Amino acid sequence: SLAALLEGEAERVASKRIGLFSYGSGSCAEFFSGRVGPQAYLWRDRTGVAWALENRVEIDYDTYVRMRQESEAMGRDGSFRVPRGPLNGDVMFLGVRDHRRIYHSPQRAALVA
Numbered sequence: 041s042l043a044a045l046l047e048g049e050a051e052r053v054a055s056k057r058i059g060l061f062s063y064g065s066g067s068c069a070e071f072f073s074g075r076v077g078p079q080a081y082l083w084r085d086r087t088g089v090a091w092a093l094e095n096r097v098e099i100d101y102d103t104y105v106r107m108r109q110e111s112e113a114m115g116r117d118g119s120f121r122v123p124r125g126p127l128n129g130d131v132m133f134l135g136v137r138d139h140r141r142i143y144h145s146p147q148r149a150a151l152v153a
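With our numbering as the guide, the letters of the sequence shown map in order to residues 41 to 153.
Set out below in structure tokens:
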């Protein structure tokens, strides 16, 4: 991903042209090129990619199947499910309600309170 490239290789790719591939659900795939800015180093250790990879949680096959089934059911009925466990991100995806994605930001909530 672009974030991982900037996280780990910013100095090497600064001011160079790179290829970017984009594919999203419901849209066509695109390939285009872009030039990385000379200050790409400012992104080093700021994208969260390394942290996310280091903090992955291993699950067994049965857990994966159950999670996929729950996800597919939510896609069909637009239901909402709050994740289990601690919520500790800057912006957290909580689930889907009536086919709309629901997010929460503790920092923003603290400003309003």
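All C-beta atoms, glycine included, are put in the ideal place defined by N, C-alpha and C.
Since the model is a prediction, treat every value here as computed from it, not as a measurement.
Annotation: the continuous beta strand (DSSP E) that includes Glu70 extends over 70 to 75. If you compare the alpha carbons of Gly64, Asn95, Glu70, Ala50 with that of Gln79, the shortest gap goes to Ala50. Shown here, Gly64 sits in coil according to DSSP, grouped into three states, outside any helix or strand. The Cβ atoms of Ala44 and Val89 sit closer than 9 Å to each other. Distance between Phe71 and Leu82, taken at the CA atoms: about 25 Å.
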